[in-house]
Ligand SMILES: Cc1cc2nc3c(=O)[nH]c(=O)nc-3n(C[C@H](O)[C@H](O)[C@H](O)COP(=O)(O)OP(=O)(O)OC[C@H]3O[C@@H](n4cnc5c(N)ncnc54)[C@H](O)[C@@H]3O)c2cc1C
Ligand code: SF4
Ligand code: SF4
């Protein structure tokens, strides 16, 4: 068993190394036909001569190619800007498309082979490591040695992993032209699913889904015997695979707009953007359904389900961000900050983002109805700030890249506007709570340590108080790790749910309010 | 208006700290100083094992953040008290400093028992009680391959689990017929026996340690048992109970038994001196089925709560614990108990016992034979609702009333197997009865309603 696992680890690392090296192999050559294929009609005339010096030239690396491309492209734009001929400036970004097109590759010729030695090996190696985990051991909590692990307690391995993830996100969001080889290798798959070439987002979606699936299997192993964890993990795996990955691609194949039916505004912050609205409005009955379904989720779905089940129905059963956090992120859950100070920061930040998202959306909708009059400029500004700071930097780079530093729910805890909305409902109008079992708490601290949302669960448990917190995503891990059976996630009558002055059962001398 | 006093509490364990916090809640003026030698800040002793196992770091075992004490104006001092001068109301610290008090609360906890075994002071032989013990255990077990644990109680099995988590093989010597059977009825004790074996612990029942042998460097290398067997090992864990930590108080005016003798108000024989927690010994038992020395977390907390009330209130109340409860975890199996569950058959008392097919969960309901009034319950691998059994036992519910409401007592995680069905089926078969639990409607189940 041990041997299989070690082999698995080696295979996984080989896959990871290939994945990291593939972007840098191969050579590039641009010709005029490619430009004609990829560039918009109106830009063809100026761009063809601008890129002229590159045609036919073979570049031995993407660095050289991209640097030359940017040089010519920027020279052209700079000149226009200097002359203040703003309407001629080309704002479109062609570097990704053209780099991908110009790849001579070996990846271009053998995409499946490269997919196999990178992502394929990663998945196989991962499974070889995961499937034998805890074989022959009784069911129970498997937290032995977490704080001796370099990977799981901010040691060198954790730092390397975090750095790798951050780099990956920075390239994905702002320099995708450097990963065109990786995108090329998933092109055939993308054609198969949606009939279109792959973008960096397709690549990302594929890896994301595989990460949830493979690490979801790890959850099955780790929490074997805990039915709640098993069912909930199966649920996020299903929603990611079907709703976030397959269905949207199939919609595209059917010439419908790409749409994730389980994503809800304001997490899905582009939902009311003009191109999305136009897309839905222009897609017949199905498009109309998308729009109405989306709005129903926002105004009826969220409050109703959260009333009955707490925000967990979304955050740890359905959501894709939550899905990744609960699977890929599970080894890092103990790294969240439990201090009171962190809780204060959290409340300012998450509600700040919610306010930002709501305002931005209001301006967007107003702008849409005013037919892009006065507010056009402001809308664009807001979109680009939000997209950059929240959508990319916060949700992506910090949200996932910081798993090994600040735990697996940084985004969900400090940034997600939907979580803020769900949280307000959960705190003030819901049947969900974590019940504290009388006086049984021994203040050991396992619950607080393993709460990914940084809730100091013990604070409540040791005073016999139910845990009713806006941020609790109902992952159920505090209840799982409690060695004294003190915590139970449940939905029940609202009466007695919140009790500010709890009395610990067991002492009949006095009734102390803790 | 409460008069401003200087209250000193020796010991920052659960008893002392609960007392300090609750005094502060009602008395804003008095000076409160907690002196303790082990650590600067209060931590959870019950969590020591999880530090060794790598589940947590020491930081995580502190129930309050470090700023909490200053904010609540509770002074902390890390020092050992070497002597108490009751006449002059002063303490002598290990630094040589003297501090005076108006009110003194002794909450000094316990120390592990030792029984004068030959070789017990060899290197690599130790008990586990304090943070220091844990640090020593870390050193003592570095790189070793086999250990022997002596004593079949709660700390013994915790030590076995700790060592096993680091792939150190363990021989577990238990004097009794079955694990902890001076507390557990035989079925429960055997359930734990089986689980210990499942974890590859070499469990030796009815075996005592005779002698600990060492090598030339003064380090343990084996133990001899009463069965004449020699077991090679590099570590011996002594877990044969604890006794009040009162050595520094001996031979003074303070009345002592095994612990510091107190009445139901936690008063010692000396005015303004009180004792709570593990170190206190009640002159009279606080309840029919309770012990004179209560050595668990929960009682320490209740002592602290009650004494704090008495120190801040005109009408002092005697300590009156409610229905007994306790819990523990044996490797992966959780145990809870409420009320009275004797380990042996007793006149006039009967019990109903159920065990799951897997043999890893069980339930015992103890009742008065004649009236069928419920007296207590044991459960393994099945979380029960404290509130439910506190009420049922307190109000003396009839056994069948409890059985038909077992679903409400269930505290297991959602989606877990519902054991109460199988319990009821067994009871019905055994007693020729046809009890039923009211089925909840689909809608009730959908929204998780307990009503
Ligand atoms: C490993 C372990 C696991 C346990 N698990 C459980 C459990 O699961 N459930 C349960 O109910 N109970 C458990 N217990 C028992 C429980 O921890 C004790 O009953 C409880 O901690 C006692 O609290 P206390 O406040 O009376 O004393 P303590 O916690 O012992 O605190 C007393 C403090 O006073 C200090 N002190 C003593 N003398 C002096 C002096 N002269 N000068 C200065 N300081 C001094 C000591 O160093 C110590 O820090 C466990 C005990 C151990 C050791
Ligand atoms: S409180 Fe418990 S259920 Fe809620 S997020 Fe924290 S660990 Fe998960
Ligand atoms: S894990 Fe359980 S016993 Fe430990 S502090 Fe939390 S609620 Fe209390």
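Chains as they are written, first to last, in the working numbering: chain A, 1 to 514; chain B, 515 to 965. Glycine is no exception: its CB is placed at the ideal position from the N, C-alpha and C atoms. Computed from a predicted model, the values in this text were never measured in an experiment.
Output yes if chain A places a C-beta closer than 7 Å to the C-beta of residue i; else output no.
{"i": "residue 922(B)", "result": "no"}
{"i": "residue 568(B)", "result": "yes"}
{"i": "residue 776(B)", "result": "no"}
{"i": "residue 911(B)", "result": "no"}
{"i": "residue 836(B)", "result": "yes"}
{"i": "residue 961(B)", "result": "yes"}
{"i": "residue 659(B)", "result": "no"}
{"i": "residue 904(B)", "result": "yes"}
{"i": "residue 848(B)", "result": "yes"}
{"i": "residue 712(B)", "result": "yes"}
For residue i, count neighbouring C-beta atoms within 10 Å of its own C-beta (all shown protein chains included) and say buried if the count is 16 or more, exposed if not.
{"i": "residue 232(A)", "result": "buried"}
{"i": "residue 275(A)", "result": "exposed"}
{"i": "residue 204(A)", "result": "buried"}
{"i": "residue 955(B)", "result": "exposed"}
{"i": "residue 580(B)", "result": "exposed"}
{"i": "residue 515(B)", "result": "Bear in mind that a pLDDT of 48 at residue 515(B), under 50, signals an unreliable position, so the model cannot answer this."}
{"i": "residue 700(B)", "result": "exposed"}
{"i": "residue 300(A)", "result": "exposed"}
{"i": "residue 125(A)", "result": "buried"}
{"i": "residue 381(A)", "result": "exposed"}
{"i": "residue 404(A)", "result": "buried"}
{"i": "residue 692(B)", "result": "buried"}
{"i": "residue 494(A)", "result": "exposed"}
{"i": "residue 592(B)", "result": "exposed"}
{"i": "residue 845(B)", "result": "buried"}
Output yes if chain B places a C-beta closer than 7 Å to the C-beta of residue i; else output no.
{"i": "residue 198(A)", "result": "no"}
{"i": "residue 437(A)", "result": "yes"}
{"i": "residue 145(A)", "result": "yes"}
{"i": "residue 4(A)", "result": "no"}
{"i": "residue 445(A)", "result": "yes"}
{"i": "residue 485(A)", "result": "yes"}
{"i": "residue 63(A)", "result": "no"}
{"i": "residue 452(A)", "result": "no"}
{"i": "residue 163(A)", "result": "no"}
{"i": "residue 152(A)", "result": "no"}
For a contact meaning CB atoms closer than 8 Å, what does residue i contact in chain A?
{"i": "residue 845(B)", "result": "138, 140"}
If the cut is a Cβ gap below 7 Å, which residues of chain B does residue i touch?
{"i": "residue 339(A)", "result": "579"}
{"i": "residue 442(A)", "result": "558, 560, 811"}
{"i": "residue 148(A)", "result": "568"}
Going along chain A in order, which residues have a C-beta closer than 9 Å to the C-beta of residue i?
{"i": "residue 831(B)", "result": "509, 510"}
{"i": "residue 839(B)", "result": "438, 439, 440, 505, 506"}
Compute the minimum distance between the beta carbon of residue i and the heavy atoms of ligand 4, and state whether it is under 6 Å.
{"i": "residue 562(B)", "result": "Absence of ligand 4 is noted for the structure shown, with ligand 1, ligand 2 and ligand 3 being the only ligands found."}
Just the chain A side, please: which residues come within less than 7 Å of residue i by C-beta, in chain order?
{"i": "residue 900(B)", "result": "437, 438, 439, 440, 505"}
Quick one: list the residues of chain B neighbouring residue i, beta-carbon separation under 9 Å, in chain order.
{"i": "residue 431(A)", "result": "961, 962, 963"}
{"i": "residue 308(A)", "result": "960, 961, 962"}
Of the residues that make up the stretch 494-509 of chain A, which ones have a beta carbon closer than 9 Å to any beta carbon in chain B?
-> 504, 505, 506, 507, 508, 509
Could you name the residues of the stretch 792-811 of chain B whose beta carbon sits closer than 7 Å to any beta carbon of chain A, in the order they occur along the chain?
-> 811
Return the residues of the stretch 75-105 of chain A that lie within a Cβ-Cβ distance of less than 8 Å from chain B, sorted by chain order.
-> none
What residues in the stretch 870-897 of chain B bring their beta carbon closer than 7 Å to a beta carbon of chain A?
-> 897
Compile a chain-ordered list of the residues in the stretch 207-232 of chain A whose CB is closer than 7 Å to at least one CB of chain B.
-> 226, 227, 228, 231
Using a beta-carbon distance cut-off of less than 7 Å, what residues from the stretch 456-477 of chain A approach chain B?
-> 458, 462, 476
Note down, in chain order, all residues in the stretch 813-825 of chain B with a beta-carbon under 7 Å from any beta-carbon belonging to chain A.
-> 816, 819, 820, 823
Return the residues of the stretch 550-575 of chain B that lie within a Cβ-Cβ distance of less than 7 Å from chain A, sorted by chain order.
-> 558, 560, 561, 564, 567, 568, 569, 570, 571, 574, 575
Members of the stretch 673-705 of chain B near chain A, C-beta cut-off 7 Å | 679
Would you list, in chain order, the members of the stretch 914-941 of chain B that have their beta-carbon closer than 7 Å to a beta-carbon of chain A?
-> 925, 927, 928, 929, 930
Where the stretch 346-379 of chain A meets chain B: residues whose CB sits under 7 Å from a CB there = none
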